[in-house]
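Everything in the sequence shown is counted per the working numbering, starting at 1302 for the first residue and increasing by one.
For every residue, glycine included, the Cβ atom is placed at its ideal position computed from N, Cα and C.
Just so it is clear, the structure is predicted and the values come from calculations on it, not from any experiment.
In what follows, a structure is listed as structure tokens, so that the remarks can point back to it.
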Amino acid sequence: MEFGLLGSLQVRGTLGGISPRPSRQAVLLLTLLSRANSPVSIGELVEAAWGEHPPAAENAAVHTTISRLRQMLSVSVDPAGYDRIVTDTMGYSIRVLDGELDASVFRGLVAEGRASLENGRGAEAVVTLERALDLWRGSTAASGMSGWFVESLRAPLDDLRLSATEDLARARLMIGQAGAVAEELRGLVTRHPFRERLWEHLMLALYRTGRQSEALDAFHEARRTLVDQLGIEPGPELCGLYRRILDNDAALLDVSTADPGAAVITRAVPRQLPADVVNFVGRERELDRLDALAAADGGGPMAFVVDGGAGMGKTALAVRWAHRARGRFEDGDLYVNLHGFDATGAPTDPFEALDQLLRALHISPQEIPRGLEERAALYRTALADRRMIVVLDNAADAEQVRPLLPGSSSCAVIVTSRKRLSGLVAREGAVRLTLGELGSDDAAALVRRISGPARSDVSGEPLDTLIGLCCRIPLALRVAAERLTLRRHGTLADLVDEIGSRQSALSTLTLPEDATSSVRTVFSWSYSMLGPASRRMFRLLGLFPGGHTGVPAAAALAGVSVGEALDLLESLVSVHLLEEVADRRYRLHDLLRDYAREQAELEPADTEPDRALTRLAGWYLSTARNAVLRLLPPSRPRKAVPVRQEPGIEPVTFGSYRQALDWCETERVTLIAVADHCARHEVHDLASQLPAALWGFFQVRGYTGDWITTHQRALGSARAMGPAVEAPTLCNLGTAYLEAYQLDRAAEYHRRALALGTELGDVWVVGVSTANLGEGSRRAGRYELARTYFEQALALGEENGNPWLYAFSLASLATVASAMGEHDEAIEMYHRTLVLHREHGDHYQEARCLQGLGDAYRSAANPREAKDSYLRALVLCQEMGNGLDTARITYSLAEIELELGQDAEAEAHFKAADEIAGQLEDSHRALLRDRFRERRDQPGPANSAGSGDSVASAASADSGTSADSADSGGSADSRDPQDLPG
């Protein structure tokens, strides 16, 4: 296949050729060809084809357009065209072979012609450069495509075409074709009046053909154009040639003098890169990517943005790569520190930066213009035909960088910044590389390298701990390693203890004689650049009890709207003071959290930490209660607990069971941390209510450990709130211990709850505690006592109008009947209970009732009915995300299949159950697997129907589940029949 960019866009193959009409497909093809054999990201393709109006579903839109493009290539050009466009993790690329892309051939010929020219082989250069220019079929605008992105792809090719034309003129002058050159250049200088090399070649051609006065007139015309339109004087090469022509310099008539400016001034090669970084470790993937991008035949200016947080090693990477790539940029390297984030507090003005760059290019101060745009134009002109690396370090923003970008594709510019500089990526087509923490192996290697080979203690657990304390940030690791070298008589373990014992690790991660290398200091430079509202949000996030935060929670913490919170969070992400770890989920690494807390302590009046955290806890409680409304059926009694909530702070509501469950799962760690914070700071109402709001989630997901931990911590606050809150908290805790199969502790808490409930006249606590005392007795094998408790609970449910307690107690009586061999009675009661649970919409208890019914059928030697019940229960549990019961039922199904002689199906169920159990809490996993092995190890009769001791029943999987717990509420007189989630 052949691909043409030099003129209108063309593709030719075995089936013929096409010139795609202007369309998104054509723009994507042009974009892919401009970066042939290198991946182009989805974002870049969207920016190219949709511009300022991106589609709602970007990935899908690009995929559809690429599919159409593949179809077009394979149908109209070549059957193999479809496979030329390749998908990978970084985006899409087009595979182009040597000689297939005219732009690549053109560049190769130009490079070959320039080499001949530099070696004095003028005739050879003329032939080669003419071959290169003959590849052009017209203007790149002929394709009809427009837009700034398309223009950014065309401009470098047009620039190289003009540069090659200049080189051809020089080569033809070298072989004595001055007359023809003079005629051709007349039109060119009219179309490109700012190209000083064209004026030089025109002047020399005129002089060599005996037209000295015209040559001098050409200089004056060039000077007038540059001064009037750009405000700059001609460069030293053009001025030097003018003086020599004015002096009738005979040496200019020698055809070997094809580049007269070279005789006037010898171009010095600037080498401004800082010294390469000592002890540089890692980042090989990023370095290799820069190498690949720089080597790619992309046609555009090579502009790279390296962004990342403070201390991540952005400058080190840029300098390392620039040293590594120096051999490809023979005309030198430039370096400017733009002071975007440092102790100066004042970013370098682009006007001043251009002055530094132009002086480095040996432009005299007198020749440097006074205007910013004029300086930028002269800078681009000076770099137009040079191959150089430009490092723009520590940029403040895109506006600071734009005037400093070369216009030529022959130069590579690498920009470092703590900001993402999205504008440079979107408008200038820069490629971004974001630096995060080092990998663990690289972090360890860095510490070892700096601390030196003599330190034999830099290994093992102390090293791993140090890496964790430093959050794998290169600067923090370097400072820690240097501190270790300064402690000749101390060990790494001593340093780790010192860092860990400090209230903030930042106090240790500093060097005594270099404050600018302190981790705290470099964080402060980013913090100082924020606006007041962003700084406040950053301080508050340092106080956030959990690991990750979402936007609504951050809004509650700061007391602002969700929209305002998102803007503030993104402002922190943009300077890498906050990391977005998932869609709209954010985190501070530990060192930044320490710094944020320090700032909160320094500015308590503006931060109001106590008020913010109480507001956050109230929001979490309100939202958790909304989630529970979806997780529990309407029939279960609930208590409308009053919540402290500031006006304007709205909790999240949920449209479905799955949304509520997903939110609880995502926020689980944070909910527990917030509840713990409230308990430790004696915010008694919230500390007692948050765990009570979560018990339904803990039960459905089998998080018994969390259930116990949160309620144990809440006991003190519940006691402080009074007996009306303490009683249901004790009941909840007893239920959690029952779920964990810790029967003695469960009985202890339920007896205490029963006593308090009886004293208060709280029929709900009395009913739940009574039912759960019965369940504990059943699990202990004391069936008659269990039946007594269940009958009492059944009567309480009927007398007090609690249909849920009545249904639960009936199912529990069925469990006891089954265990005592009364199979028919058990099956009849289970069926009655199923009707009640379905009427109430209680899928959780319906599923457990079906499990119990399955066990009863097995005990009654009816494995097929048992299997049917288990399968119906399994569907419900999977829909609810109930992993614990899903594992129990799957084990039971495995045993049923064995009884039915279906060994292969049984093994499949056993394997699936093992996998599900592997995702549960340790206590549940151990219990289920131990019981499973015990059952599997027993000979034949143990696996027969009627044993009454399946894996499920042994692990409390049958209908004998614990009665659900009571919400801890407010005062006793606020309780009514809808107060508690039985």
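Assuming ARG1886 is part of the beta strand (DSSP E), what are its boundary residues?
1886-1888
HIS2138 and ALA2108 - do their beta-carbons sit closer together than 8 angstroms?
yes
In the DSSP output, which residue or residues are listed as bridge partners for VAL1620?
For VAL1620, which the question treats as bridged, DSSP gives no partner whatsoever.
Cβ shell of SER1835 (< 8 angstroms), same chain only, five flanking positions each side left out
LEU1869, SER1872 and LEU1873
Unbroken beta strand (DSSP E) runs of length 3 or more, entirely within the stretch 1704-1741: which are they?
1713-1718 and 1732-1736
Rounded to whole angstroms, how far is the Cβ of LEU1844 from the Cβ of LEU1914, which I believe are closer than 8 angstroms?
6 angstroms
Taking the alpha carbon of ILE1774 as the reference point, which residue from PRO1754, LEU1810 and ARG1789 has its own alpha carbon closest?
LEU1810
Helix, strand or coil, according to DSSP, for ARG1788 in the structure here?
coil
8 angstroms contact criterion, which MET1302 and ASP1379 should meet: CB distance rounded
5 angstroms
Which residues mark the beginning and the end of the beta strand (DSSP E) in which ASN2101 is found?
Neither: ASN2101 is in no beta strand (DSSP E) and is coded neither H nor E.
Pick out whichever of SER2119, GLN1478, THR1924 and ALA1855 has its Cα sitting closest to the Cα of THR1510.
GLN1478
Taking 8 angstroms as the limit between beta carbons, can you name the residues of its chain near LEU1776, skipping five residues before and five after?
ALA1611, GLY1612, MET1613, GLY1614, SER1818, VAL1820 and VAL1823
Among ARG2159, ASN2101, LEU2151 and HIS2141, nearest to HIS2124 - alpha-carbon criterion
ARG2159
Have a look at ARG1886 and ALA1855 and give me their C-alpha separation to the nearest angstrom.
10 angstroms
Compute the Euclidean distance between the alpha carbons of THR2134 and HIS2210, then round it to the nearest angstrom.
28 angstroms
THR1954: first and last residue of the uninterrupted beta strand (DSSP E) it sits in
THR1954 -> no beta strand (DSSP E), and no H or E assigned at all.
For PHE1605, report the span of its beta strand (DSSP E) as first-last.
1603-1609
Assuming VAL1882 is part of the beta strand (DSSP E), what are its boundary residues?
1880-1883
Shortest alpha-carbon distance to LEU1841 belongs to which of ILE1800, GLY1791, ARG1898 and ARG1888?
ARG1898
Let's test the definition: count the other Cβ atoms within 10 Å of the Cβ of GLU1345 and tell me whether it reaches 16, buried, or not, exposed.
buried
Neighbourhood of GLY1761 by C-beta distance below 7 angstroms, restricted to the same chain and skipping five residues each side:
none
Looking at SER1405 and PRO1340, is the spacing between their C-beta atoms short of 8 angstroms?
no
Helix, strand or coil at ARG1455 [DSSP, three-state]:
helix
Close-in-space but distant-in-sequence residues of the same chain around ALA1654 (CB under 6 angstroms, 5 per side omitted):
VAL1637 and LEU1705
Which term fits LEU1398, buried or exposed, when burial requires 16 or more other beta carbons within 10 angstroms of its beta carbon?
exposed
With contact counted as at least three CB pairs below 8 angstroms, one residue from each stretch, are the stretch 2066-2083 and the stretch 2031-2047 in contact?
yes
Alpha-carbon to alpha-carbon, ALA1472 and ASP1550:
21 angstroms
In whole angstroms, give me the CA-to-CA distance for LEU1867 and VAL1852.
6 angstroms
Can the beta-carbon of LEU1747 be found closer than 8 angstroms to that of LEU1739?
yes
Suppose the cutoff is 7 angstroms on Cβ atoms and the five residues either side in sequence are ignored; what does the same chain contact list for SER1989 look like?
ALA2015, SER2018, ALA2019, MET2022, VAL2026, THR2030 and SER2269
My parser needs the alpha helix (DSSP H) runs of 4 or more residues fully inside the stretch 2067-2152; what are they?
2084-2100, 2104-2120 and 2124-2141
Are three or more beta carbon pairs between the stretch 1364-1380 and the stretch 1321-1341 nearer than 8 angstroms?
yes
Using C-beta distances below 6 angstroms, list every residue in its chain close to LEU2296, excluding the 5 sequence neighbours before and after it, in chain order.
No statement about residue 2296 is possible, as the shown extent of the chain runs from 1302 to 2283 and does not include it.
Give me the Cα-Cα distance between ALA2253 and LEU2151, rounded to the nearest whole angstrom.
Caution is warranted here: a pLDDT of 34 is assigned to ALA2253, below 50, making its placement in the model unreliable, and the coordinate value is therefore given only provisionally. Taking the straight line joining both Cα atoms gives about 12 angstroms.
Helix or strand or just coil, what does DSSP make of ALA2243?
For ALA2243, the predicted structure reports a pLDDT of 32, less than 50, and the residue's modelled location is therefore unreliable. A value from the coordinates is still provided. In this structure, ALA2243 counts as helix in the three-state DSSP scheme.
What runs of the beta strand (DSSP E), each 3 residues or longer, lie entirely inside the stretch 1342-1393?
1386-1389
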